[in-house]
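Heads up: the sequence shown begins at 1 in UniProt numbering, then just goes up one per residue. Each residue gets a CB set at the ideal place from its N, CA and C atoms; glycine is no exception. From a predicted model like this one, the values you see are computed outputs, not experimental measurements.
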Amino acid sequence: MPPAQPPWEAFAGSSVDPVPPGARPQSDASAEAGAEEDFRVHIITWNVGSAVPPDDIISLLGLNIGDGITDMYIIGLQEVNSMINKRLKDAIFTDQWSELCMDTLGPFGYVLVTSQRMQGVLLLVFAKYYHLPFLRNVQTESTRTGLGGYWGNKGGVSARMAVFGHMVCFLNCHLPAHMENSEQRMEDFESILQQQQFDGQAATGVLDHDVVFWFGDLNFRIEDYEIQFVKNAVDGNKLSLLWDKDQLNMAKGSESVLEGFHEGPLKFPPTYKFDVGSNTYDTSMKKRKPAWTDRILWKTKLPSSSSPSLSKARKRSSAAGLPSGLRVTQHCYRSHMEYLVSDHKPVSAIFTLQFPYKVDLPMITLIVDDEWNNLSDATAKFKMAANYPRSSWDWIGLYKVGFKHHKDYVGYVWAKQEESDYVTFGEESLPKGTGEYILGYYSNNMSSIVGVTEPFQISLPSSTPSSSPSDSSDFSSEDDSTVVLLRPKSRSPSPGKAKQRGRRSRSRSPALPRLQGLNLRPHSRETGARSPSPRTGAKRERLVCESDESPDTCCPLPQDPDGSPSTPSIEVNAPEDLPSPGSARERGPSEGPASGKCISEANKADIGASMKMEP
């Protein structure tokens, strides 16, 4: 059950959207169930001051509570180390903060949906893996405001997406510092809102979304009061004495751009500026006055009452006995004083999004057996929605429970059109030993996972007579470290189910989102003849050949006269990074790029060099 509603939930807003075709309105029973239909969002903002990440962020993420009801994590960081040599390294490898967040959230069933970085400003979006097919139309934007718009040390990065049919935008900002720059902060915020535009007809601007969450190091200060008065108010827990002189609170009454934005009461101490490594406010020569620089606000869209769509939506909602629109409720708003690596303290807020309807019909439904005990069991069927835009480059990935992002697969097969709705995984694509896995269907046209299964068991022999020594170890110790089952109370698609180990098949496609613009490199696997993430120069590249009896088996690359492997004219880094089938001429799904015979199998060593595929 969600915690009791605090007083500031009076700030909750609502917006109304027409119910689209195919959407499922909530029933009265499901509305009463509350948490089963609510969507829980946990937002964190932290200016990390170029610090190395701490060893543990479990309490910051609230994972120590163990209720498992959070559906999505939004993590906005500022002043991530952006030195030139550090950024060059991050262009090849994932930055330390992203790695820490993925390593921490992955074992709890959260997958990186998207990320966006502009120098030191970083935004990460995670969601439960079973929500992936229902987070669609994911896009990111960034706006520089430093040095008159030429430098990205200040500005904003955003990620937007349709969440079960409702448009949601997350905006992480780092605004100008210093007491005297309050007007400049508002000007920069307006500039960010004006410049950030998204593709498509729905919600092209930030404020066009049904819900906007605005957070970051907004850098607003406390005016008028002397530093000692502020410190005394903090020490005496009389924080309300400072609210009226907070620059952001003052601007809410005068700046039209802030109209409709809500924020919970500031019941936690100012989060800046501290001596690094302590909870002591600044003792340096500058002696900065404590301030609430780190904030989280939200705004819901209120359509015009004269809008025809509003009138129709109200009639639908009234007829169904539903609330008039999307409602946002804040459950907590707090700082985390236990983190000492920066001169800022992190701030977090937890929200519930209550949907009047949900678009929760998956584009793809995957069907697998309960257990794969033999190679012959490694098959899957899939059913497509009538309006699904199928591509020759769609593929189905095999993921270990606890995977970090959509390229963190163990193996994959192409969902080729000529094979209709049935695929088979070859031995080289399968892990050896026992573990829990899921399948995910990746759509090339939608650039996201559009269908997933529930976890199922794979228990294959560690070796077979036909396996070579290198083939008997497709999994390294790194892979074993991710074998962490979801917490018992997490909202797994199959909580509390007794495992059925029969030979029957059943549908295993719950709900899930989009993974667009991912520029991350997963951990390389040390062993395995067909690891999807071989070390550069250390693994044999393999080909999937049309002429093979089994299209899913691999053959070594042919050799050039000098002894080096002969490669196709276009380098391929991952299944979804293949060139357009019609880039040179219209080719069938099995013809591959350029050669018409073979296509290079995915090489995940350089995820950041991905190429956009067209249908």
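- As for any beta strand (DSSP E) of minimum length 3 sitting wholly inside the region 41-123, the runs are 72-78 and 110-118, ordered along the chain.
- Taking the CA atoms as reference points, T434 sits about 12 Å from V401.
- Our two residues, L193 and V168, have alpha carbons roughly 15 Å apart in a direct line.
- Nearest in C-alpha terms to Q228, of all of K287, F220, P133 and V163, is K287.
- Taken through DSSP and simplified to helix, strand or coil, R221 comes out as coil.
- DSSP, reduced to helix, strand and coil, places G411 within a strand of the structure shown.
- Within its own chain, the residues whose Cβ lies closer than 6 Å to the Cβ of Y388, once the five positions on either side in sequence are excluded, are M363, listed in chain order.
- For N374, the number of other beta carbons within 10 angstroms of its own is below 16, and it is reported as exposed.
- Note on geometry: alpha-carbon atoms of D235 and D55 lie some 29 Å from one another.
- Boundaries of the alpha helix (DSSP H) harbouring S182: S182 to Q195, taken from the DSSP string.
- Nearest to L430 by C-alpha distance, out of K404, P461 and G451, is P461.
- Three or more Cβ pairs closer than 8 Å define a contact, and the region 122-136 meets that threshold against the region 159-166.
- Exposed is the label assigned to E259, since fewer than 16 other Cβ atoms lie within 10 Å of its Cβ.
- I449 and D71 have their C-alpha atoms spaced approximately 17 Å apart.
- In the three-state scheme derived from DSSP, where H, G and I count as helix and E and B as strand, A127 is classed as strand.
- In the three-state DSSP reduction, E428 falls in the helix class (H, G or I).
- Using a Cβ distance threshold of 8 Å, F425 and G440 do not count as a contacting pair.
- In this structure, the beta-carbon distance from F456 to D421 does not fall below 8 Å.
- Our two residues, G264 and W298, have alpha carbons roughly 10 Å apart in a direct line.
- Counting C-beta pairs with one atom in each stretch, the region 72-80 and the region 40-51 have three or more that are closer than 8 Å, which means they touch.
- Here A386 is exposed. Its C-beta has fewer than 16 other C-beta atoms within 10 Å.
- Distance check between G205 and each of P270, P107, F268 and L171 places L171 closest, using alpha-carbon atoms only.
- If you check the CB distance, I296 and A349 come in under 8 Å.
- Here H178 is exposed: its Cβ has fewer than 16 other Cβ atoms, across all protein chains shown, within 10 Å.
- Under the three-state reduction of DSSP, L239 is assigned to coil, being neither helix nor strand.
- When C-alpha distances from F198 are compared across D208, F189, E190 and S191, the shortest belongs to D208.
- Of the other Cβ atoms in all chains shown, 16 or more fall within 10 Å of the Cβ of M102; this residue is therefore buried.
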